[in-house]
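Number of protein chains: 2
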Amino acid sequence: MKIHSFKTNESGLNRFFGPLEAKIMHILWNGPEMAIKDVQARLAKEQAINFNTVMTVMNRLVDKGVLRKRAEGRVSLFQPTQSLEQFLETQSKELTNDLLEEFGPLVVNHMLDALEEADPALIEQLEQKIQALKKER
Amino acid sequence: MKIHSFKTNESGLNRFFGPLEAKIMHILWNGPEMAIKDVQARLAKEQAINFNTVMTVMNRLVDKGVLRKRAEGRVSLFQPTQSLEQFLETQSKELTNDLLEEFGPLVVNHMLDALEEADPALIEQLEQKIQALKKER
DNA sequence: CACCTCACACTACCTATTGTAATGTTCACA
DNA sequence: TGTGAACATTACAATAGGTAGTGTGAGGTG
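Top line first, the protein sequences correspond to chains X and H.
For the first sequence, the working numbering assigns the number 439 to the initial residue and increments by one for each residue that follows.
For the second sequence, the working numbering assigns the number 439 to the initial residue and increments by one for each residue that follows.
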């Protein structure tokens with residue numbers, strides 16, 4: 439199993455995960471290796487939640503390859519397989535490739551349109567990269 | 439209802455639609471306004487398919503806003519609300535905005551990395567746009 | 001006028017994904 | 001040796017999408 443959909447009507451981690459999954463990933467990315475009950479405790483601060491619910495979802499995240507499970511005596515400790523940075527890097531790269539593959543030149547224009555209104559610094563950065571690219575040839 | 443997910447493990451229209459939905463949209467985008475039985479006839483060339491199945495899915499596409507339904511006497515005629523070009527334009531724009539919103543500078547680099555290996559013409563195009571942008575300022 | 005057919009509506013079931021949680025099992029330790 | 005904590009197993013609800021049976025209504029034809 440893997441992540442195979444990017445939700446356009448959500449934001450942040452919810453674009454890649456269900457709401458509970460996203461909360462769990464958020465916790466694991468902002469803390470050390472944890473046992474289920476630790477995660478449950480964090481979640482319970484906002485809203486009471488059943489231990490088994492957390493366990494089921496965490497095991498599904500293991501199946502998806504985004505969490506790693508390690509037995510430490512009786513308890514299982516969980517940890518993301520990638521850092522948040524790596525994860526976003528991977529996802530944005532995949533999405534970007536998919537987009538270019540699917541839409542080619544179209545996205546380049548959108549990209550610039552968006553940049554135009556957004557961030558002058560990004561445009562500068564873009565130009566630098568282009569110059570660098572041209573020199574290589 | 440609307441389209442709210444982009445599938446990374448599919449390609450073409452299947453990135454936005456289910457497999458049957460995608461086939462139906464493909465048919466409607468490559469032909470004139472059609473009745474259900476017309477669409478069914480096209481689909482049946484490859485694989486027998488129930489009339490009601492086609493009807494249900496087409497009505498769901500109307501609910502999603504991608505098809506328009508028009509009564510012509512007893513029969514309903516269906517037609518995409520947008521041309522394929524418009525649809526792809528809309529979708530790629532939304533995705534591009536989402537991506538920039540979510541990942542900012544990260545995607546700019548991916549974009550260039552991808553372009554580097556892919557298409558020199560796109561880079562040229564990009565540079566033109568940047569030059570145009572700079573002059574405006 | 002009666003009836004039959006066809007297009008459509010309504011409803012339901014199946015699979016997959018995600019959230020939820022009860023029940024069952026195992027094993028360390030008190 | 002019995003209890004509890006942690007895990008496994010199982011299952012149910014909701015939503016999306018594919019599939020299809022049954023119901024309804026309106027028109028044409030005998």
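For each residue, glycine too, the CB sits at the ideal point set by N, CA and C.
If we count the other Cβ atoms within 10 Å of its Cβ and call it buried at 16 or more, is T534 of chain H buried or exposed? The residue you call residue 534 of chain H lines up with position 96 of the second sequence. By the 10 Å Cβ count, T534 of chain H comes out buried.
For the beta strand (DSSP E) containing L515 of chain H, list its first residue and its last residue. Counting from 1 along the second sequence, the entry for residue 515 of chain H is found at position 77. Start and end: 513 to 518.
Please give the ranges of any alpha helix (DSSP H) in the stretch 464 to 535 of chain H, keeping only runs that are unbroken, at least 4 residues long and fully inside the region. Counting only runs of 4 or more, we get 474 to 482, 489 to 501.
Using 10 angstroms around the beta-carbon of R453 of chain H, count the other beta-carbons present and answer buried if the total reaches 16, otherwise exposed. Stepping through the second sequence from its first residue, residue 453 of chain H is reached at position 15. With 16 or more other Cβ atoms within 10 Å, it is buried.
Given that M439 of chain H touches chain X, what residues does it touch there, using C-beta distances under 7 angstroms? Stepping through the second sequence from its first residue, residue 439 of chain H is reached at position 1. Neighbours of M439 of chain H in chain X, taken as residues at a C-beta separation under 7 angstroms, are lacking, since the least C-beta distance is about 11 angstroms.
C-alpha gap between E540 of chain X and Q517 of chain X, whole angstroms: By one-based count along the first sequence, residue 540 of chain X stands at place 102. By one-based count along the first sequence, residue 517 of chain X stands at place 79. The alpha-carbon atoms of E540 of chain X and Q517 of chain X are separated by roughly 34 angstroms.
What would DSSP say about F454 of chain X, mapped onto helix, strand or coil? One-based indexing of the first sequence puts residue 454 of chain X at position 16. Here DSSP, grouped into helix, strand and coil, assigns F454 of chain X to coil.
Could you tell me how far apart the beta carbons of S443 of chain H and F444 of chain X are, in whole angstroms, since I believe they sit closer than 8 angstroms? Stepping through the second sequence from its first residue, residue 443 of chain H is reached at position 5. Stepping through the first sequence from its first residue, residue 444 of chain X is reached at position 6. About 7 angstroms separates the two Cβ atoms, so the contact holds.
Among X:E565, X:R498, X:P558, which residue has its Cα nearest to the Cα of I441 of chain X? Residue numbering aside, residue 441 of chain X sits at position 3 when the first sequence is read from its first letter. Cα-wise, what sits closest to I441 of chain X is X:R498.
Straight-line Cα distance separating E510 of chain X from M385 of chain H: This structure leaves residue 385 of chain H out entirely; chain H is present only between 439 and 575.
Distance, T494 of chain H Cα to P457 of chain X Cα: The count along the first sequence starts at 1 and reaches residue 457 of chain X at position 19. The count along the second sequence starts at 1 and reaches residue 494 of chain H at position 56. Cα-Cα distance, rounded: 30 angstroms.
Rounded straight-line distance, which links the Cα of I465 of chain X to that of R506 of chain H: To locate residue 506 of chain H, count along the second sequence from 1; it is residue 68. To locate residue 465 of chain X, count along the first sequence from 1; it is residue 27. The straight-line gap from Cα to Cα measures roughly 44 angstroms.
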